[in-house]
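**Q** Residues are numbered in my numbering as their position in the sequence shown, beginning at 1, plus a constant of 1166. In this text, a Cβ means the ideal position worked out from N, Cα and C, and glycines have one as well.
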Amino acid sequence: MLTKEQENKILLKLGKRVREIREEKGITQYNLATDSEISKNQVGRIERGEYKVSVISLIKIAKALDYDFRDFFKYL
1167 MLTKEQENKI
1177 LLKLGKRVRE
1187 IREEKGITQY
1197 NLATDSEISK
1207 NQVGRIERGE
1217 YKVSVISLIK
1227 IAKALDYDFR
1237 DFFKYL
């Protein structure tokens, strides 16, 4: 079982990685939101580690970024 602190660290690392990839590819939050069919507010919350993103949403984000979603887990 994960502690709340461990969960928060994972969410922060995941969000940071999403932001890094998005910025490397020159994609705005708005465009990522549109391409992944997720609200812009939700994308922002994911990037800040404030949202427990579902696997489906993570797959959508990865596809929009042309990124293998499994690689997100290498950074956790």
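#1: Should L1224 and V1209 be called a contact, given that it needs their Cβ atoms to be closer than 8 Å?
#2: At what residues does the alpha helix (DSSP H) containing G1181 begin and finish?
#3: Can you list, in chain order, the residues of its chain whose CB lies under 8 Å from that of Q1278, leaving out five sequence neighbours each side?
#4: I'd like to check one pair, L1242 with I1193: are the Cβ atoms closer than 8 Å?
#5: Going by C-alpha distance, which of L1168, E1203, K1182 is nearest I1222?
**A** Reading from the atomic positions:
#1: Within the sequence shown, numbered from 1, the residue matching residue 1224 stands at position 58. Within the sequence shown, numbered from 1, the residue matching residue 1209 stands at position 43. No, the pair does not count as a contact, with Cβ atoms beyond the cut-off.
#2: Against the sequence shown, residue 1181 aligns to sequence position 15. Element bounds for G1181: 1170-1190.
#3: Summary: the structure shown does not reach residue 1278, with the chain confined to residues 1167 through 1242, and so no result is reported for it.
#4: Counted from its first residue, the sequence shown places residue 1193 at position 27. Counted from its first residue, the sequence shown places residue 1242 at position 76. Taking 8 Å as the Cβ cut-off, I1193 and L1242 do not qualify as a contacting pair.
#5: Residue 1222 sits at position 56 when you count from the first residue of the sequence shown. Answer by Cα proximity: E1203.
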